[in-house]
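S.K.: Chains as they are written, first to last, in the UniProt record's numbering: chain X, 1 to 516; chain D, 1 to 516.
Note that the Cβ used here is the ideal one computed from N, Cα and C, for glycine as well.
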């Protein structure tokens, strides 16, 4: 069985209606059969195991450098030109596939080579750095099996490889290399110019990626960025993500008397800051969980087309509620996806004096609420922070910096301090129906069909450093996750479903062989 | 200088207008001059030092027994008959002054011989159990001085004796013994039958005092109970207290999802229990600090006469607010005293997830508020607890016992648990203008005059075990504190102002020599 030329895929031409090809002008596109993808995936499993055996916590620069060196060789032997981009002793790796053609669009593939720290004792295997193959028993438990068949025998898509970074994010890097192998084996050229950047500090929040990208702006110049990171939708359908919320945090402290007071002698007399904090927080959200701070949602604009796409996401909300153990959700949006389009105001921690064993009969001297504000592209940390601050003042509070002075205490009945800051990861969004969105959608549906449709996420609720990645290049992006949702990302027993390795190879292959 | 006969005080008759005497029928009353009180006080200082040298933490029964034995001898040598009342190895001491006359009313004087535990390192003296004499320097610091003059030389009322239990509550016991010495030296008899009970576990909440008193009900039978405990008003004016609030506590937990959730993926979707707890607490009090739980204050009845007495208490609220560091107080009552007449609902602790270093970007799974409810004689823990419970239900909450089950979670949007209990010390109140109140008032004003008036506290905000002390005997009571307000009660460097020792002797003497 031969692999069709990726740029001129005869088999594809035979299968796809002419009208479709003409309508999109994508006659050079191609998809990779699952059988071929499986063969090329299998061809990379030894390298995958080797790579997983390299510890990659970004707090250990020498470990990061070992990963970079190994990966540089892996790209070079496939014909890429490579360059290590200096980054305080933890270089990022840049790789470019040869044969760049100015007539084609250029896609920058972003992945990361570093991983979360590990607590080995929590892992059900010898070491997080010694990958193992497991299968699920009839009882639903993961059982380690001999990994030899992985490298030569027939494969079971339900097998999983367990090890740190197996899914997040070394798996996707290897899928890209396998896709390249498939492309080269077919003798073809990709339909886009392929550039790759491998971040070395993603799990630390990519603190300096903007500077690194700025320093190599010309090298990285591209028309689109594809981010292969994070999990696919829980249904494991092909998934496209066009944005993510950003993270900001805020801290609110309400002050009472100077010191904790005897609650017998001062209860009913000295204002209670825990009670006041409660009353203040109560003014910030209504009973349905919607933020009532004036203007908080004003900048969020969701069109009808977006609403349709969000409603089409196959979230099983009944199952989700069962899993979370809640009878009813907040009603910020009509469904889960819509709720994620809005900035949040979440009390992530609250404290006043003590509860439990250490509780005492006092009127506390202060009460604190820690909040996190998930931001959206239009509603950033300064915008939201200022609105909350104005809201607090409107409730009669005098805001102080730090602890109130005696003079503040004598003058103002209601005293509070409020601060907010971006956590360094802003929200990012790219239109679903932009040429990039359409290109990615077509690559996926050409490969996997439209029944069911790929899952398209307008904006995911969590925060990934997309904004930092795209900031310098200012080009559209799509996040295209490749790994199973239940991969235990960041936790013990991280794993990759081998069926996802294969579909991942098909996905990357399709992106490379579709032009736009 | 001779001491007038306590029962037929010639000097008093000469000084007090005849109309006054006739009106009250108290011709047998007497007051003790401060010079004589000082002499008899000084006569007991060696014993006072001996008694203070006996450790008296009620967790050490053998120490308690040493105190009881010592005190038994001190009372016996003054002619009292005594009896140790068994109390799990920590006997209470009962003492009765001879010459009991059924024609006279009987007063039971309550004090306690045990003390708070000590942390010796926190004391600015060799040992909390080695009493020392101190005077205040020009710089306002306490300086230890030779104690020899205390026992023989001229006395300075501003000197203080520092040591554990110097004020709370061994000082008052010694004042009573000195008052007896003065009485005997004058050759008279008290105008009331004098019984004394010394509690051995007051600092542990007198857990079994009701049982002990029940077991010796006949022995302790009396017409009034006088409690010499606690500090005088901050002005150091003669102080009468006719009640105290009780202590109850309550715990409210609001539940969210089963486990803490990623705040990016679930903020705006999974209800936040900290936010919900805040909203719930906000419904319980208004902006002025008044409880808005239906019925909470309904049982509090304050008459015009009470209001006048409360308004007359010389609280310096401007100074108090400065000291507390608050610009404005809650507005439960028109003044401090009035505020203390109402039950309180005080959030004494609050927690949800973490603040500070351990804060995490989560939607917490639960939020807790610890409350203390100071009760009043008409509004006890079950009354207040049930009102709060009904209020919570009215806000749409389903109440569970302990953690909600999966079924609870599936059925009810708003889940909380709420529990409450008395802390074992109920509120107590005795009418200010009862015969007992009038008797105590007259004893004080006969001795110290009416300029300024004694301070009369209808009900103090804090909780002392009055209710437990009076429960069995069911007679009116008055709390008549004798020690300076700044005595560092319960803390390090507890002390007694020697001027208060002298006025204390006068006070107890007057109570014994006034009939009712």
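Do the region 342 to 358 of chain D and the region 428 to 444 of chain X touch if we need at least three Cβ pairs shorter than 8 Å?
M.R.: No: fewer than three Cβ pairs fall under 8 Å.
S.K.: By the DSSP assignment, the alpha helix (DSSP H) with residue 471 of chain D in it spans what residues?
M.R.: Taking the second chain and counting its residues from 1, the one referred to as residue 471 of chain D is at position 471. That run of the alpha helix (DSSP H) goes 466 to 471.
S.K.: Tell me which residues share the same chain as residue 81 of chain X and place their Cβ nearer than 8 Å to its Cβ, disregarding the 5 neighbours each side in the sequence.
M.R.: Numbered from its first residue, the first chain carries residue 81 of chain X at position 81. Excluding residues within five positions, the ones whose Cβ falls inside 8 Å are 95, 96, 98.
S.K.: Checking the sheet assignment: what are the DSSP bridge partners for residue 419 of chain D?
M.R.: Along the second chain, read from residue 1 onward, the residue named residue 419 of chain D stands at position 419. Paired residues: D:251.
S.K.: Apart from the five residues just before and just after residue 29 of chain X, which ones in its own chain have a Cβ nearer than 8 Å to its Cβ?
M.R.: Here residue 29 of chain X corresponds to residue number 29 of the first chain, with the count starting at 1. Residue placement at residue 29 of chain X is poorly supported in this model, since its pLDDT is 41, which falls under 50; the coordinates are not used for a value here.
S.K.: Could you have a look at residue 231 of chain X and say whether DSSP puts it in helix, strand or coil?
M.R.: As a first step, residue 231 of chain X must be located in the first chain, where it is residue number 231. Residue 231 of chain X falls in the strand class under three-state DSSP.
S.K.: Going along the chain, which residues of its own chain have a beta-carbon closer than 7 Å to the beta-carbon of residue 435 of chain X, five neighbours each way excluded?
M.R.: As a position in the first chain, residue 435 of chain X is number 435, starting the count at 1. Contacts found: 516.
S.K.: Is it buried or exposed, residue 195 of chain D, if we count other Cβ atoms within 10 angstroms and call 16 or more buried?
M.R.: Indexing the second chain from 1 puts residue 195 of chain D at position 195. It is buried - the Cβ of residue 195 of chain D has at least 16 other Cβ atoms within 10 Å.
S.K.: Give the straight-line distance between the Cα atoms of residue 51 of chain D and residue 165 of chain D, rounded to the nearest whole angstrom.
M.R.: Locating residue 51 of chain D in the second chain gives position 51, counting from the first residue. Locating residue 165 of chain D in the second chain gives position 165, counting from the first residue. Their backbone Cα atoms lie some 9 Å apart in a straight line.
S.K.: Answer yes or no: does any C-beta atom of chain D fall closer than 7 Å to that of residue 271 of chain X?
M.R.: Residue 271 of chain X sits at position 271 when you count from the first residue of the first chain. It does; some Cβ of chain D falls within 7 Å.
S.K.: So, helix, strand or coil for residue 498 of chain D, using DSSP?
M.R.: Walking along the second chain from the start, residue 498 of chain D turns up at place 498. Correct three-state label for residue 498 of chain D: helix.
S.K.: Rounding to the nearest angstrom, what Cα-Cα distance links residue 62 of chain D and residue 113 of chain D in this structure?
M.R.: Counted from its first residue, the second chain places residue 62 of chain D at position 62. Counted from its first residue, the second chain places residue 113 of chain D at position 113. Roughly 13 Å separates the two Cα atoms.
S.K.: Whose CA, out of D:296, D:301, D:300, D:272, lies closest to the CA of residue 287 of chain X?
M.R.: Here the question's residue 287 of chain X lines up with position 287 in the first chain. The shortest C-alpha separation from residue 287 of chain X is found at D:272.
S.K.: Write down the C-beta distance between residue 325 of chain D and residue 298 of chain X rounded to the nearest angstrom, noting that I regard them as a contact closer than 8 Å.
M.R.: In the second chain, counting from the first residue as 1, residue 325 of chain D sits at position 325. In the first chain, counting from the first residue as 1, residue 298 of chain X sits at position 298. Not quite, the Cβ-Cβ distance comes to about 38 Å (not below 8 Å), so this is no contact.
S.K.: Our contact map puts residue 372 of chain X next to residue 268 of chain D with C-beta atoms below 8 Å; I'd like the distance itself, whole angstroms only.
M.R.: Here residue 372 of chain X is taken as the residue at index 372 of the first chain, counted from 1. Here residue 268 of chain D is taken as the residue at index 268 of the second chain, counted from 1. At roughly 11 Å, the Cβ-Cβ gap does not stay under 8 Å, so residue 372 of chain X and residue 268 of chain D are not in contact.
S.K.: Classify residue 489 of chain D as helix, strand or coil using the three-state DSSP reduction.
M.R.: The residue labelled residue 489 of chain D in the question sits at position 489 within the second chain. Looking at residue 489 of chain D - three-state DSSP - the assignment turns out to be coil, as it is neither helix nor strand.
S.K.: Among residues of its own chain, excluding the 5 on either side of residue 422 of chain D, which ones have a beta-carbon nearer than 6 Å to its beta-carbon?
M.R.: As a working mapping, residue 422 of chain D is identified with position 422 in the second chain. Within the same chain, residue 422 of chain D has close Cβ partners 248, 381.
S.K.: Are the CB atoms of residue 178 of chain X and residue 530 of chain X within a distance shorter than 7 Å?
M.R.: This structure leaves residue 530 of chain X out entirely; chain X is present only between 1 and 516.
S.K.: Kindly indicate if chain D contains any beta-carbon less than 7 Å away from that of residue 23 of chain X.
M.R.: Within the first chain, the letter at position 23 stands for residue 23 of chain X. Low local confidence applies: a pLDDT of 29 at residue 23 of chain X is under 50, so the model's placement there is unreliable, with the coordinate-based value given in what follows. Not one chain D Cβ lies under 7 Å of residue 23 of chain X.
S.K.: Compare the C-beta of residue 455 of chain D with all C-beta atoms of chain X and state if any pair is closer than 7 Å.
M.R.: Counting from 1 along the second chain, the entry for residue 455 of chain D is found at position 455. No - not a single Cβ of chain X is within 7 Å of the one on residue 455 of chain D.
S.K.: Does residue 296 of chain D have its Cβ less than 7 Å from a Cβ in chain C?
M.R.: The question asks about chain C, but that chain is absent: this structure's protein chains are X and D.
S.K.: Considering only the beta carbon of each residue, do residue 463 of chain D and residue 246 of chain D sit closer than 7 Å?
M.R.: In the second chain, the residue the question calls residue 463 of chain D occupies position 463. In the second chain, the residue the question calls residue 246 of chain D occupies position 246. Yes, they are a contact pair.
S.K.: For residue 54 of chain X and residue 71 of chain X, what's the separation of their Cα atoms in angstroms?
M.R.: As a position in the first chain, residue 54 of chain X is number 54, starting the count at 1. As a position in the first chain, residue 71 of chain X is number 71, starting the count at 1. Near 11 Å, if we compare the C-alpha coordinates of residue 71 of chain X and residue 54 of chain X.
S.K.: Helix, strand or coil for residue 129 of chain X, going by three-state DSSP, please let me know.
M.R.: Locating residue 129 of chain X in the first chain gives position 129, where the first residue counts as 1. Coil.
S.K.: Quick one: which chain D residues come within Cβ less than 8 Å of residue 112 of chain X?
M.R.: Position 112 of the first chain holds residue 112 of chain X. Those do not exist, as residue 112 of chain X stays about 18 Å from chain D at its closest Cβ, beyond 8 Å.
S.K.: For the region 113 to 125 of chain X, which residues have a CB atom closer than 7 Å to at least one CB atom of chain D, in sequence order?
M.R.: From the region 113 to 125 of chain X, no residue has a Cβ closer than 7 Å to chain D.
S.K.: Any chance the region 469 to 483 of chain D sits against the region 218 to 235 of chain D, with 3 or more Cβ pairs inside 8 Å?
M.R.: They touch, by the three-pair rule.
S.K.: I want to verify the contact list: residues of chain X whose CB lies under 7 Å from the CB of residue 265 of chain D, in sequence order.
M.R.: One-based indexing of the second chain puts residue 265 of chain D at position 265. Under the 7 Å cutoff, chain X gives 461, 462.
S.K.: For residue 300 of chain D, I'd like the list of residues in its chain whose CB is within less than 8 Å of its CB, leaving aside the five on either flank, ordered along the chain.
M.R.: Counting from one through the second chain, the residue named residue 300 of chain D turns up at place 300. Excluding positions up to five away in sequence, the list reads 341, 342, 343, 376, 378, 379.
S.K.: Using the Cα positions of residue 157 of chain X and residue 106 of chain X, report the straight-line distance between them to the nearest angstrom.
M.R.: Counting from one through the first chain, the residue named residue 157 of chain X turns up at place 157. Counting from one through the first chain, the residue named residue 106 of chain X turns up at place 106. So the two alpha carbons sit approximately 32 Å from each other.
S.K.: Residues in its own chain within less than 6 Å of residue 174 of chain D by CB, not counting five upstream and five downstream?
M.R.: Within the second chain, residue 174 of chain D is the residue found at index 174, counting from 1. Counting only Cβ-Cβ distances below 6 Å, and skipping sequence neighbours, we find 44, 48.
S.K.: So which of X:84, X:117, X:294, X:234 has the shortest CA-CA distance to residue 481 of chain X?
M.R.: Mapped onto the first chain, residue 481 of chain X falls at position 481. Among X:84, X:117, X:294, X:234, the Cα nearest to that of residue 481 of chain X is on X:234.
S.K.: Would you kindly check if the distance between the Cβ of residue 135 of chain D and the Cβ of residue 141 of chain D is under 7 Å?
M.R.: One-based indexing of the second chain puts residue 141 of chain D at position 141. One-based indexing of the second chain puts residue 135 of chain D at position 135. No. Outside cutoff.
S.K.: I'd like to confirm the pairing. Which residues does DSSP put opposite residue 372 of chain X in its beta bridges?
M.R.: The residue labelled residue 372 of chain X in the question sits at position 372 within the first chain. Answer by DSSP bridge pairing, in chain order: X:249, X:346.
S.K.: Can you tell me which of the three DSSP states residue 66 of chain D falls into?
M.R.: Position 66 of the second chain, counting from 1, holds the residue named residue 66 of chain D. Three-state result, residue 66 of chain D: helix.
S.K.: With DSSP collapsed to three states, give me the class of residue 8 of chain D.
M.R.: Reading the second chain from its first residue, position 8 is the one you call residue 8 of chain D. Confidence at residue 8 of chain D is low in this model, with a pLDDT of 28, below 50, so the placement of that residue is unreliable and no value is reported for it.
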